Structure formats: C-alpha cells, structure tokens
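Structure first, commentary second.
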Amino acid sequence: MLLLAGGLGGSAGILASLAGRPEAEAPTAALAPSVAPLFAVGLAADGTPEPPPTPTPTPTPLPARLASAAGLRLWSDGDSTSYFVTVALFQEWPALGGLPVRAPAYQLSTGLVRQDFFDWPAYLASEMERYDPDVVVLMLGANDANQIRSADAYAARVGAVMDQLQRPGRIVVWVGQPNMGRPDLAATIPRVNAIFQAQAAVRPWVLWVDTWALTSGPDGSYAAALPNEDGTWEVVRADDGIHLTPAGGRRIARAIVAALFEPGR
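Using our numbering, you'd call the opening residue of the sequence shown number 241 and step up by one each time.
Below you can see the structure in the form of structure tokens.
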C-alpha cells in the first residue's frame, strides 16, 4: 500500500530556488514504500501495541496571544504541503522582530502513521533540543489521511506529539490541511483535521489554525485560484490539487501570523 496512492511529496527544485538557483519545478509526486495498513488490528507497523483509545477531549480556555514577536525564535516544518508556508513565515517573521531558527525544510512523504518510515517524535525531540524555539509551527497529515484505521489510535499519536512539544512560554501552532482537489483526500482530510482540532482544544499551549475554508471557494469547494488581500486573483494550488504554490503558502502564513496576535481567538 502506498503512503498516498497517486503520490504526495516534493522536489529538489523548490529547495534549489531558496539557494538562489533557478526553480526547476513545483513539488512533485513521490511514492512511499509498500506497507501493510497501520491500525488495522491495533498494532503499529513494527508490531508494537498502539496506545489505548483517547477520551473525547473537553475544550479548555485558549491561551493569550503574542503581544510582540521581538526576539522570539520561530521553527516551522511538516510534510510537503507545508513547504511554501514555512518559506513565507520565514520571510515575514524577521519583519516582526522575530528570528527564524534555520532554513526552510520539509519532510517528504511523511506523517504520524508511518513512524517506521520517518520518526517524527524523535526528529522533533532533536530539533527542539537544538533550537529551543518559542513558536513551533507544524503542518502535516496529508500522508496519513488515507492510512488511518483507528481514529482513537491516531488521536493518541497526535496528542502525544502536542504534549512532547510543550514547554513554558512556547506556543505550538498546529496547521490543518487545506481543501483538496483530489477526491480521495477531499473525503478523508476533514476527519484528520477534526482530530487535530479536538486534540488542540484541550491543550492551551496549542493554537489550531484551520486552512480548509481559507483554501476554498465561496461555495466551500476546492479552489485553484483565489483573490488576495488586494483583490488580485492568484493561483494558490499546484496542478496536482494537493500542494500549495508560493502564493498559497503566503495566504496560510499570513493567517498563522494573524492568529498568533489575535487576542482570545
């Protein structure tokens, strides 16, 4: 079974563009290794037991937002849907007085389901120890959407990552997946987003940012192009109906920044 049937990934072209080299192409499809479905019998791919089901979260009060970004260290990463969001955030954050802690990056074809393929908890532990950011932005889930067999088991994994990222004074921004132009993902992404939102709701250090409506047309349908803040229409999605363009990344990055500074959101 593919991580995403039909592909979700990235290309060296978008990374090359950051280094001043001509951009070869937008993110391209990449196939993951063939694997058995995870969560089918309550076991991980490596045979270890899944965590017990997570109780239905009870909403808790939202934290105060930032008064200033001055001196705050920003870290952002995720799967390939996150790349242009991170690029835009790292361009805007210094103008607010903050400090991006490293160059933009993304982790190709990864998610929380396939820990044997890419170990997000271990990677995050290393990154947090190395950079100790004040604001953490994480955007993933597209590679998980068609793999989940137990919503409770997946919710437990999501909650564990949110807990892992907690430290006093840190805000964790969990970014939802956008509306999708691929029918299978358009059907499965909403339940993944619902899990993210529910787990964030019981953790005051986690700020949930919903991108579905932000990337939809007036009727709620998938939109490849949308008007920006000036009313100018921009192509916000790649031809695959999954990835964002630089304009799409800027659209979501600005929503993240606005949410960080919006009191009582």
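Glycine is no exception: its CB is placed at the ideal position from the N, C-alpha and C atoms.
Quantities reported herein were computed from a predicted structural model and do not represent experimental measurements.
(1) On the CB-based measure, 16 or more other CB atoms within 10 Å of its CB, does arginine 431 come out buried or exposed?
(2) Does the region 427-444 come close enough to the region 462-481 to have 3 or more Cβ pairs within less than 8 Å?
(3) How far does the alpha helix (DSSP H) with methionine 402 in it extend, from its first residue to its last?
(4) Can you give the beta carbon distance from leucine 454 to valine 375, rounded, assuming they're within the 8 Å contact cut?
(5) If we call anything under 9 Å between Cβ atoms a contact, is arginine 342 one with tyrosine 371?
(6) Roughly how many angstroms separate the alpha carbons of serine 308 and leucine 336, rounded to a whole number?
(7) Identify which residue in Glu369, Arg491 and Val476 has its Cα closest to the Cα of threonine 485.
(8) Applying the criterion that 16 or more other CB atoms from any shown protein chain within 10 Å of the CB defines a buried residue, is glutamate 473 buried or exposed?
(9) Determine the DSSP secondary structure at isoleucine 332, reduced to helix, strand or coil.
(10) Compare the Cα-Cα distances from isoleucine 435 to each of Gly409, Leu352 and Asp356 and report the closest residue.
(11) Going by the beta-carbon positions, is the gap between valine 415 and glycine 318 smaller than 9 Å?
(12) Tell me the rounded alpha-carbon separation between aspartate 356 and alanine 328.
(13) Here's a check: name, in chain order, each residue in its chain whose Cβ is nearer than 7 Å to the Cβ of valine 398, leaving out the five neighbours to either side.
(14) Rank Ala362, Arg313 and Phe358 by C-alpha distance to the C-alpha of leucine 339 and give the top, closest one.
(15) Helix, strand or coil for aspartate 356? Go by DSSP, reduced to three states.
(16) From what residue to what residue does the beta strand (DSSP E) around proline 467 run?
(17) What are the residues that DSSP puts in a beta bridge with arginine 313?
(18) Would you tell me roughly how many angstroms separate the C-alpha atoms of tyrosine 394 and leucine 378, rounded to the nearest one?
(19) From glycine 287 to leucine 306, what distance separates their C-alpha atoms?
(20) Can you tell which of Arg491, Ala441 and Gly311 has its C-alpha closest to the C-alpha of valine 412?
(21) Where do the N-terminal and C-terminal ends of the alpha helix (DSSP H) with leucine 217 fall, by residue?
(22) Relative to the C-alpha of leucine 364, which residue among Trp333, Asn386, Trp315 and Ala396 is closest?
(23) Have a look at the DSSP bridge pairing and note the partners of glycine 409.
The relevant details are as follows:
(1) Taking the sequence shown and counting its residues from 1, the one referred to as residue 431 is at position 191. It counts as exposed.
(2) Counting C-beta pairs closer than 8 Å gives fewer than three between the region 427-444 and the region 462-481, which falls short of the contact rule.
(3) The residue labelled residue 402 in the question sits at position 162 within the sequence shown. DSSP places methionine 402 in the uninterrupted alpha helix (DSSP H) bounded by 391-404.
(4) For the purposes of this step, residue 454 is taken as the residue at position 214 of the sequence shown. For the purposes of this step, residue 375 is taken as the residue at position 135 of the sequence shown. Not confirmed; about 19 Å, so no contact.
(5) On the sequence shown, position 102 is the one that residue 342 refers to. On the sequence shown, position 131 is the one that residue 371 refers to. The answer is yes: Cβ separation under 9 Å.
(6) As a position in the sequence shown, residue 308 is number 68, starting the count at 1. As a position in the sequence shown, residue 336 is number 96, starting the count at 1. Rounded to whole angstroms, the separation of the alpha carbons of leucine 336 and serine 308 is 8 Å.
(7) Mapped onto the sequence shown, residue 485 falls at position 245. A check of alpha carbon separations from threonine 485 across Glu369, Arg491 and Val476 identifies Val476 as the nearest.
(8) On the sequence shown, residue 473 is found 233 positions in, with the first residue counted as 1. Looking at the sequence itself, residue 473 is tryptophan, so the reference to glutamate does not match. By the neighbour-count criterion, in which 16 or more other beta carbons inside 10 Å mark a residue as buried, tryptophan 473 falls on the exposed side.
(9) Numbered from 1 along the sequence shown, position 92 holds the residue referred to as residue 332. Sequence check: residue 332 is glutamate here, not isoleucine. Three-state result, glutamate 332: helix.
(10) Walking along the sequence shown from the start, residue 435 turns up at place 195. It is Leu352.
(11) Counting from 1 along the sequence shown, the entry for residue 415 is found at position 175. Counting from 1 along the sequence shown, the entry for residue 318 is found at position 78. Result yes, Cβ atoms of valine 415 and glycine 318 sit closer than 9 Å.
(12) Locating residue 356 in the sequence shown gives position 116, counting from the first residue. Locating residue 328 in the sequence shown gives position 88, counting from the first residue. Their Cα atoms are separated by approximately 30 Å.
(13) The count along the sequence shown starts at 1 and reaches residue 398 at position 158. The beta carbon of valine 398 sits closer than 7 Å to the beta carbons of Leu352, Ile435, Phe436 and Gln439 from its chain, once the five residues preceding and following it are set aside; these are given in chain order.
(14) Taking the sequence shown and counting its residues from 1, the one referred to as residue 339 is at position 99. For leucine 339, the closest alpha carbon among the candidates Ala362, Arg313 and Phe358 is that of Arg313.
(15) On the sequence shown, residue 356 is found 116 positions in, with the first residue counted as 1. Residue state, collapsed to three classes: coil.
(16) Taking the first residue of the sequence shown as 1, we reach residue 467 at position 227. Here the beta strand (DSSP E) through proline 467 covers 465-467.
(17) Taking the first residue of the sequence shown as position 1, residue 313 is located at position 73. Partner(s): Leu339.
(18) By 1-based counting over the sequence shown, the position of residue 394 is 154. By 1-based counting over the sequence shown, the position of residue 378 is 138. Rounded to whole angstroms, tyrosine 394 to leucine 378 spans 16 Å at the Cα level.
(19) Here residue 287 is taken as the residue at index 47 of the sequence shown, counted from 1. Here residue 306 is taken as the residue at index 66 of the sequence shown, counted from 1. The predicted model places glycine 287 with a pLDDT of 46, which falls under 50 and marks its position as unreliable; any figure quoted below should be read in that light. The C-alpha of leucine 306 is placed about 43 Å away from the C-alpha of glycine 287.
(20) Taking the sequence shown and counting its residues from 1, the one referred to as residue 412 is at position 172. Proximity to valine 412 across Arg491, Ala441 and Gly311 peaks at Ala441, based on C-alpha coordinates.
(21) Because the chain here runs from 241 to 505, residue 217 falls outside it and cannot be looked at.
(22) Locating residue 364 in the sequence shown gives position 124, where the first residue counts as 1. That would be Trp315, whose Cα lies nearest to the Cα of leucine 364.
(23) For the purposes of this step, residue 409 is taken as residue 169 along the sequence shown, with counting starting at 1. Its beta-bridge partners do not exist; DSSP assigns none.
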